[in-house]
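All remarks here apply to the structure that follows.
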Amino acid sequence: MPESVWDYPRPPAVEPCARRARVEFGGSVIADSDAALRVLETSHPPGIYLPPRDVDATRLHEVLAYSTFCEFKGVATYFDLVAEDGRTSSLAAWTYRAPTAAYAALRDHVAFYPGRVDGCWLGDERITPQEGDFYGGWITADVTGPFKGGPGTRGW
35 MPESVWDYPR
45 PPAVEPCARR
55 ARVEFGGSVI
65 ADSDAALRVL
75 ETSHPPGIYL
85 PPRDVDATRL
95 HEVLAYSTFC
105 EFKGVATYFD
115 LVAEDGRTSS
125 LAAWTYRAPT
135 AAYAALRDHV
145 AFYPGRVDGC
155 WLGDERITPQ
165 EGDFYGGWIT
175 ADVTGPFKGG
185 PGTRGW
């Protein structure tokens, strides 16, 4: 049965991801996990957070001059992603090093913007990136919108 993002809660919920999550960039698998977490928030496709043990940290370069604040999760630290051939995707991933108590499960997990990497998969399904340049949701066939992020949705 499809999930409507309008049934997701606010504040967001965190739950285990039932499918293996994989991220590819520059011809390499950057992250591959069967222990990812999903963050479910009203009007957004799920955000996928992969445990640090399942991410190739050698490809992540912390961006010291940039961070954001989420009213629920706290301060996010961002990373540029660098492929073996030197190609870089700016601000392609983020983490919460010291999340609020309610989101402690996300500590040091890494989330990727699907539109800033070469591909993301949940199980065998290649996901569709959430529109826009702020949110990093992973859209699958079993998630329905409309989704926040595209043109004209900022005020939702």
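Position one of the sequence shown corresponds to residue 35 (our numbering), numbered consecutively onward.
For glycine and all other residues, C-beta sits at the position ideal for the given N, C-alpha and C.
Given the structure is predicted, the values throughout are model-derived calculations rather than measurements.
Please state the DSSP three-state secondary structure of Y199. No answer is possible for residue 199: the residues shown for the chain start at 35 and end at 190.
Simplified DSSP assignment, three categories, for R121: DSSP places R121 in coil when its eight states are reduced to three.
For W40, the three-state DSSP class (helix, strand or coil): Note: W40 maps to helix in three-state DSSP.
What separation, rounded to the nearest whole angstrom, lies between the Cα atoms of G170 and G149? In this structure, the CA atom of G170 is about 8 Å from the CA atom of G149.
Beta strand (DSSP E) runs contained entirely in the stretch 45-92, provided each spans 3 or more residues: Listed in chain order, they are 47-50, 55-59, 62-67, 71-74, 81-84.
Considering only their Cβ atoms, is the gap separating R87 from I64 smaller than 8 Å? No.
Would you call the CB atoms of L140 and L74 closer than 8 Å? For L140 and L74, no; Cβs fall outside 8 Å.
Below 8 Å on the Cβ atoms is my guess for P79 versus F146; work out the distance and round it to an integer in Å. For a cut-off of 8 Å, the C-beta gap from P79 to F146 is around 13 Å, too long to register as a contact.
What's the C-alpha gap between D119 and V57? Here the alpha carbon of D119 sits roughly 17 Å from the alpha carbon of V57.
With a Cβ-Cβ cutoff of 8 Å, do A127 and F113 count as a contact? Yes; because the gap between Cβ atoms is below 8 Å, this pair is in contact.
At the level of alpha carbons, what is the spacing between F103 and D142? The alpha-carbon atoms of F103 and D142 are separated by roughly 15 Å.
Which ranges does the beta strand (DSSP E) cover as unbroken runs of at least 3 residues, wholly within the stretch 136-172, from first to last along the chain? Runs of the beta strand (DSSP E) inside the stretch 136-172: 144-146, 153-156.
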